[in-house]
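Just remember that our numbering sits 29 ahead of the position in the sequence shown, which is counted from 1. The beta carbon of each residue, even a glycine, is placed where N, CA and C say it ideally should be.
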Amino acid sequence: MSNNDLQKTSRTNWEALDQKTDEEIDTSDIPPLDDEFFSHATWQIPTPTLVAVAVEPDVLEWFKAQGGNFQRRVNAALRIYAEAHKEL
Numbered sequence: 030m031s032n033n034d035l036q037k038t039s040r041t042n043w044e045a046l047d048q049k050t051d052e053e054i055d056t057s058d059i060p061p062l063d064d065e066f067f068s069h070a071t072w073q074i075p076t077p078t079l080v081a082v083a084v085e086p087d088v089l090e091w092f093k094a095q096g097g098n099f100q101r102r103v104n105a106a107l108r109i110y111a112e113a114h115k116e117l
């Protein structure tokens, strides 16, 4: 997948799709996810990009106080924010 693919706008009519029930959606062209599929599947985890971000001390302390890997929770919070503010 190229960067150009990521920039393309979907031609899917999402409003019409939202009106359908699961039973009304035609999934006949989707191959089954059987043992053959999973025998060739690979697990891929994106490699994070390291950046320096200025964070107010009280915010950092709150994340650290949650225990464990606070960087993972900061990333999750940023992901939730980014997903909620994506333009459709």
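Does DSSP put residue i in a helix, a strand or coil?
i           : result
residue 52  : helix
residue 108 : helix
Residue i to residue j, Cα distance in whole Å?
i           : j           : result
residue 105 : residue 113 : 12 Å
residue 62  : residue 38  : 27 Å
residue 108 : residue 95  : 18 Å
residue 76  : residue 64  : 28 Å
residue 59  : residue 90  : 47 Å
residue 88  : residue 82  : 12 Å
residue 71  : residue 78  : 22 Å
residue 48  : residue 36  : 26 Å
Which residue from the options puts its Cα closest to that of residue i?
i          : options    : result
residue 54 : 65, 64, 42 : 42
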